[in-house]
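In what follows, a single structure is set out as structure tokens and then discussed.
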Amino acid sequence: MMSINKGKEIAEGSSRSAASADHQQNNPPQLSRYESQKRRDWNTFGQYLRNQRPPVALSQCNSNHVLEFLQYLDQFGKTKVHLQGCVFFGQPEPPGPCTCPLKQAWGSLDALIGRLRAAYEENGGLPETNPFASGAIRIYLREVRDSQAKARGIPYKKKKKKRNTPMKSNVDSSNFPMQQP
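Position 172, counted from 1, in the sequence shown is what my numbering calls 175; the numbers after and before it change by one each time, with no gaps.
As structure tokens, this is what we get:
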């Protein structure tokens, strides 16, 4: 009797099981925000390489291409970075407008490089040849961080890693009184 009802539901278009099976086939699992951003960043970088004259194959990509990409992205930045000659240089909250350029914030670039570094290896690149992991990229990011901190008058302080020290369980030091039998 159950198979007859199922056939009737399919004919009437009211089958939940058929609809959910169809839904699962058409929609892959939802990506996390990080995975979506990583995919978008990877596609953007690939498009950047293809738009170069002459186009650059991913296998020919090196740290210089990555540095040029990061500098290219500055034109889309939203962070005001005061130049040395600016009257607001070194002021965290300048009182007025100036003509200093907008650039990508250091934190955004650092996160971008982390995602691209992971995407490179997930897409078949070897860790030893990863252009996003090169020393030149680390130096560039450090220089951007330091110059932006200086321009804002705020020194960058590295976050200290928290140590995970296991708590000692001492029955005698418990806040609950022990009941004696």
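Note that beta-carbon positions come from the ideal geometry of N, C-alpha and C, so glycine has one too.
{"query": "Would you mind reading off the limits of the alpha helix (DSSP H) that contains residue 46?", "result": "36-53"}
{"query": "Could you tell me how far apart the beta carbons of residue 66 and residue 154 are, in whole angstroms, since I believe they sit closer than 8 Å?", "result": "25 Å between Cβ atoms; not a contact."}
{"query": "Just the C-alpha distance for residue 80 and residue 74, rounded to the nearest angstrom, thanks.", "result": "10 Å"}
{"query": "How about the stretch 99-117 and the stretch 145-152: do they share at least three Cβ pairs that are nearer than 8 Å?", "result": "yes"}
{"query": "State the Cα-Cα distance for the pair residue 97 and residue 137, rounded to the nearest angstrom.", "result": "36 Å"}
{"query": "According to DSSP, is residue 81 helix, strand or coil?", "result": "coil"}
{"query": "Pull the bridge partners of residue 105 from the DSSP assignment, please.", "result": "83"}
{"query": "Can you tell me whether DSSP reads residue 139 as helix, strand or coil?", "result": "helix"}
{"query": "Once DSSP output is grouped into helix, strand and coil, what is the label at residue 60?", "result": "coil"}
{"query": "Taking residue 103 and residue 85 to be in contact with their CB atoms under 8 Å, please state how far apart those CB atoms are, rounded to whole angstroms.", "result": "5 Å"}
{"query": "On the premise that residue 135 lies in contact with residue 112, defined as a C-beta separation below 8 Å, what is that separation, rounded to the nearest angstrom?", "result": "Between residue 135 and residue 112 the Cβ distance is about 11 Å, and since that is not below 8 Å, they are no contact."}
{"query": "Looking at the structure shown, is residue 69 part of a helix, part of a strand, or coil, going by DSSP?", "result": "helix"}
{"query": "Let me check understanding here. Comparing Cα to Cα, which of 33, 36, 46, 35 lies closest to residue 123?", "result": "46"}
{"query": "With distances taken Cα to Cα, identify the nearest neighbour of residue 125 among 42, 35, 151, 115.", "result": "42"}
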